[in-house]
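Engineer: Got a structure for you, written out below as structure tokens; questions coming shortly.
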Amino acid sequence: MLKYIPIGFLLATASADAQDDKNKREGVSSIEISPQQEMLREETLINQFLPLIKEKAAKKEPLACFQLASFYHAQAPDDHTQEIVQLYTIAAEAKHMDSCYILGMAFYHEDWGLKRTDVRLVKYLTEAAARGNGEAVSYLALAYWHGFGGEKDINAAIKWLDKAVELDHAMGLCVYGTLLRSKKDIEADYPRAKQYFERAVAKECAYAMTQLGIMHQFGEGCEKNVTEAIRLYRQAITTEADQDQAMLNLGMLYFEGTEVAQDIEAAQYYLGLSADLGDRDAQRVMGTALVKGESLEKRTYAGLTYLAKAAAQGDERARSLLDVESDSLTVSADSGDKEAQRVLGICLMDGTIFEENTLLGLRYVWRAAEQGDELANQLLEEIEKISCLY
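full-length UniProt numbering numbers the first residue of the sequence shown as 1 and each following residue consecutively.
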């Protein structure tokens with residue numbers, strides 16, 4: 001979360017020395033400084049100025065408190081959590097803008113043991129937002145929208161979202177655009193949402209690319225244009241590797257093949273990426289296809305693993321499919337199907353797919369091995385090797 005380099009603040013404490021250093025560097029600007037030399041220089045400066053900063057922080061000088069908190073956060077945050085919060089709080093209470101922003105964000109994200117129910121979340125973000133911090137403006141709007149740090153206040157949220165739009169802040173544009181599409185607590189306005197997403201796309205915002213792609217895919221605030229949607233989804237994925245929604249939508253377009261030519265290989269690639277990033281819809285689709293062997297090569301265990309992940313996130317359809325597959329595998333395994341015995345056995349020993357029962361699972365794998373199942377025999381050999389270690 002913290003985006004500041006402590007050494008910059010250390011240098012600010014001794015401006016005369018910093019200026020001398022700058023003059024010297026300007027005189028030898030053609031000399032390239034290696035990363036190792038730069039690290040050594042920073043370490044020297046830290047050792048030189050840290051005692052002075054600690055002395056000033058002890059006197060509760062806001063800038064020094066901010067500098068020392070930033071230093072602790074960069075060096076060993078887990079060892080200094082309480083001190084970091086105390087120092088930033090001293091600076092924030094003195095209306096030091098960066099400290100207000102950092103603490104407000106810490107409350108919002110519940111870092112350092114802080115809680116988003118604390119009224120100081122709104123207090124500190126308001127201070128930072130009032131002084132033009134675009135990200136503070138956007139998060140303050142979200143805080144009011146969700147009721148973090150106080151009562152839910154839609155009017156206040158919209159007020160700060162308007163400010164984010166005025167500042168042309170990418171996140172604020174995205175938040176406002178999303179809310180204008182959601183129809184929740186606010187009247188839908190697709191043309192305005194599209195305009196805000198377009199402005200955020202111009203700032204290389206991958207989330208906005210995905211959302212604008214959705215609007216083009218379904219004709220929200222514009223004519224339906226699947227080709228443009230695909231272009232935007234691809235652009236989003238290229239811009240940021242974690243755009244699971246873009247991957248899901250792109251994968252489903254290729255999987256279904258109703259609006260573009262079906263491409264199962266591309267579908268599996270994008271759906272797999274989305275599922276591995278944690279998108280439960282992609283996990284359910286991949287799981288179902290792999291378990292049933294429809295369109296994709298049948299891989300029961302891999303499919304059940306995806307379904308279990310989706311079910312763990314509350315996907316009821318995935319949970320129902322897991323229950324059906326559990327019953328089906330049990331019937332097949334008890335009827336002597338060696339593949340079903342192996343898969344069911346592994347799932348029971350795994351404990352993340354079906355309720356864990358290691359002994360019963362081992363019995364099923366043993367029965368599969370007795371019928372000549374090669375993978376079951378390999379698994380038993382591995383289990384035996386591990387047992388020998390103990």
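The C-beta atom is built at its ideal place from N, Cα and C for all residues, glycine as well.
1) How far does the alpha helix (DSSP H) with residue 192 in it reach, from first residue to last?
2) Using only CA atoms, which one of 243, 279, 291 and 295 lies nearest to residue 267?
3) Identify, in the order they occur along the chain, each residue of the same chain with its Cβ nearer than 6 Å to the Cβ of residue 21, setting aside the five sequence neighbours on each side.
4) Tell me the start and end of each unbroken alpha helix (DSSP H) in the segment 285-335 that is at least 4 residues and wholly inside, in chain order.
5) If you draw a straight line from the alpha carbon of residue 49 to that of residue 57, how long is it in whole angstroms?
6) Should residue 164 go down as buried or exposed, given a rule of 16 or more other Cβ atoms within 10 Å for buried?
7) What's the C-alpha gap between residue 348 and residue 385?
8) Between residue 66 and the rest of its own chain, which residues show a CB-CB distance below 8 Å, the 5 nearest in sequence each way excluded?
9) Around the C-beta of residue 373, are 16 or more other C-beta atoms found within 10 angstroms, so that it is buried, or is it exposed?
10) How would you write the range of the alpha helix (DSSP H) that residue 62 sits in, first residue to last?
11) On a CA-only basis, which of 111, 229, 126 and 63 is nearest residue 78? Give me that one, please.
12) Please return the same chain residues whose Cβ sits closer than 6 Å to the Cβ of residue 344, not counting the five positions on each side in sequence.
13) Should the segment 356-371 be called in touch with the segment 313-328, which here means at least 3 C-beta pairs below 8 Å?
14) Between which two residues does the alpha helix (DSSP H) harbouring residue 181 extend?
15) Note down the Cα distance separating residue 135 from residue 126, rounded to an integer number of angstroms.
16) Return helix, strand or coil for residue 219, following the three-state DSSP convention.
17) Identify whether residue 81 lies in helix, strand or coil by the three-state DSSP scheme.
18) Pick out whichever of 152, 205 and 153 has its Cα sitting closest to the Cα of residue 177.
19) Would you say residue 194 and residue 221 are within 8 Å of each other, going by their C-beta atoms?
20) Taking only runs of the beta strand (DSSP E) that begin and end inside the segment 215-278, which ones reach a length of at least 3 residues, in chain order?
21) Does the Cβ of residue 172 have 16 or more other Cβ atoms within 10 Å, making it buried, or fewer, making it exposed?
22) If residue 143 sits next to residue 122, beta carbons under 8 Å apart, how far is it from one beta carbon to the other, in whole angstroms?
23) Quick one: Cα of residue 274 to Cα of residue 139, how far?
24) Specify the secondary structure class of residue 280 as computed by DSSP and reduced to three states.
25) In chain order, what residues of the same chain have a beta carbon less than 6 Å from the beta carbon of residue 245, not counting five sequence neighbours either side?
26) Straight-line CA distance for residue 202 to residue 224?
27) To the nearest whole angstrom, what separates the beta carbons of residue 180 and residue 188, a pair I think is in contact under 8 Å?
28) Quick check: the Cα distance between residue 231 and residue 382, rounded to an integer number of angstroms?
29) Do residue 253 and residue 271 have their beta-carbon atoms positioned less than 8 Å apart in this structure?
30) Do you know how far the Cα of residue 115 is from the Cα of residue 150?
Structural biologist: Let's see:
1) The count along the sequence shown starts at 1 and reaches residue 192 at position 192. Run containing residue 192: 190-201, per the alpha helix (DSSP H) assignment.
2) On the sequence shown, position 267 is the one that residue 267 refers to. If we check each option's Cα against that of residue 267, 295 comes out closest.
3) In the sequence shown, residue 21 corresponds to position 21, counting from 1. Here the model assigns residue 21 a pLDDT of 45, short of 50, so the residue's position is not dependable, and the following value carries that caveat. Nothing meets the Cβ criterion.
4) 300-312 and 316-334
5) Counting from one through the sequence shown, the residue named residue 49 turns up at place 49. Counting from one through the sequence shown, the residue named residue 57 turns up at place 57. Their backbone Cα atoms lie some 12 Å apart in a straight line.
6) Within the sequence shown, numbered from 1, the residue matching residue 164 stands at position 164. When all chains shown are included, residue 164 counts as buried.
7) For the purposes of this step, residue 348 is taken as the residue at position 348 of the sequence shown. For the purposes of this step, residue 385 is taken as the residue at position 385 of the sequence shown. If you take the alpha carbons of residue 348 and residue 385, they lie about 20 Å apart.
8) One-based indexing of the sequence shown puts residue 66 at position 66. The residues are 9, 87, 88, 91, 96, 98 and 99.
9) In the sequence shown, the residue the question calls residue 373 occupies position 373. Under this definition residue 373 is a buried residue.
10) The count along the sequence shown starts at 1 and reaches residue 62 at position 62. Unbroken alpha helix (DSSP H) run through residue 62: 62-75.
11) Residue numbering aside, residue 78 sits at position 78 when the sequence shown is read from its first letter. It is 111.
12) The residue you call residue 344 lines up with position 344 of the sequence shown. Excluding sequence neighbours, residue 344 sits near 329, 333 and 364.
13) no
14) As a working mapping, residue 181 is identified with position 181 in the sequence shown. From DSSP, the alpha helix (DSSP H) with residue 181 extends over 170-182.
15) The residue labelled residue 135 in the question sits at position 135 within the sequence shown. The residue labelled residue 126 in the question sits at position 126 within the sequence shown. Each residue's alpha carbon lies about 11 Å from the other.
16) As a working mapping, residue 219 is identified with position 219 in the sequence shown. Looking at residue 219 - three-state DSSP - the assignment turns out to be coil, as it is neither helix nor strand.
17) For this step, residue 81 is matched to residue 81 along the sequence shown. Here residue 81 sits in helix by DSSP.
18) Counting from 1 along the sequence shown, the entry for residue 177 is found at position 177. Residue 205 is the option with its Cα nearest to residue 177.
19) For the purposes of this step, residue 194 is taken as the residue at position 194 of the sequence shown. For the purposes of this step, residue 221 is taken as the residue at position 221 of the sequence shown. Against a cut-off of 8 Å, the Cβ pair of residue 221 and residue 194 comes out as a contact.
20) none
21) For the purposes of this step, residue 172 is taken as residue 172 along the sequence shown, with counting starting at 1. Buried is the call here.
22) Your numbering for residue 143 matches position 143 in the sequence shown. Your numbering for residue 122 matches position 122 in the sequence shown. Yes, residue 143 and residue 122 are in contact; Cβ-Cβ is about 6 Å, under 8 Å.
23) Position 274 of the sequence shown, counted from the start, is the residue given in the question as residue 274. Position 139 of the sequence shown, counted from the start, is the residue given in the question as residue 139. Rounded to whole angstroms, residue 274 to residue 139 spans 26 Å at the Cα level.
24) Taking the sequence shown and counting its residues from 1, the one referred to as residue 280 is at position 280. Here residue 280 sits in helix by DSSP.
25) Locating residue 245 in the sequence shown gives position 245, counting from the first residue. Taken in chain order, the residues that qualify are 210.
26) Along the sequence shown, one-based indexing puts residue 202 at 202. Along the sequence shown, one-based indexing puts residue 224 at 224. Going from the Cα of residue 202 to the Cα of residue 224 covers about 21 Å.
27) Start at 1 with the first residue of the sequence shown, and residue 180 comes out as number 180. Start at 1 with the first residue of the sequence shown, and residue 188 comes out as number 188. So it is a contact: roughly 6 Å between Cβ atoms.
28) Residue numbering aside, residue 231 sits at position 231 when the sequence shown is read from its first letter. Residue numbering aside, residue 382 sits at position 382 when the sequence shown is read from its first letter. Approximately 47 Å, taken between the alpha carbons.
29) Here residue 271 refers to the residue found at position 271 of the sequence shown. Here residue 253 refers to the residue found at position 253 of the sequence shown. No, these two residues do not count as a Cβ contact at 8 Å.
30) For the purposes of this step, residue 150 is identified with residue 150 of the sequence shown, where counting begins at 1. For the purposes of this step, residue 115 is identified with residue 115 of the sequence shown, where counting begins at 1. So the two alpha carbons sit approximately 12 Å from each other.
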